[in-house]
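J.: Our numbering numbers the first residue of the sequence shown as 712 and each following residue consecutively. Cβ coordinates follow ideal geometry from the N, Cα and C atoms, glycine included. Please read through the structure below; I'll follow up with questions.
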Amino acid sequence: DAVIAMASSGLHSNGYSLVRHVVFDRAGWTLDREVEEFGRTLGEELLEPTRIYSLDCLALTRTTEVHGFSHVTGGGLANNLARVVPDG
């Protein structure tokens, strides 16, 4: 078996509460702050549309035997993979 990871397009819906707390409340950043790592402002980064992965997942099912998919959210890779990997 293999684990295949798909790159994120940025923050997704579950990430915005944490960003609000850390970036705005704690760090005091504003939407017009230039963020070098993004190559644009924080506001522009937050407006990045969420990538939808369904077509990529369907393509995988056509070319290989898929045993499961794991949407990695809170808990990270280790906790989320445990949901789909059988014991043993």
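Can you round the beta-carbon distance between residue 721 and residue 759 to whole angstroms, since I take them to be within the 8 Å contact cut?
T.: About 4 Å separates the two Cβ atoms, so the contact holds.
J.: Under 8 Å between the Cβ atoms of residue 752 and residue 723?
T.: No.
J.: From residue 713 to residue 779, what distance separates their C-alpha atoms?
T.: Distance between the alpha carbons of residue 713 and residue 779 is about 11 Å.
J.: Measuring only the C-alpha atoms, how far is residue 717 from residue 731?
T.: About 25 Å.
J.: Can you tell me where the alpha helix (DSSP H) holding residue 756 begins and where it ends?
T.: Start and end: 753-757.
J.: Under three-state DSSP, which class holds residue 746?
T.: In this structure, residue 746 counts as strand in the three-state DSSP scheme.
J.: Could you please give the first and the last residue of the uninterrupted alpha helix (DSSP H) stretch that includes residue 764?
T.: No alpha helix (DSSP H) contains residue 764, which DSSP labels as neither H nor E.
J.: Just how far apart, CA to CA, sit residue 777 and residue 771?
T.: If I take the Cα positions, the gap works out to 7 Å.
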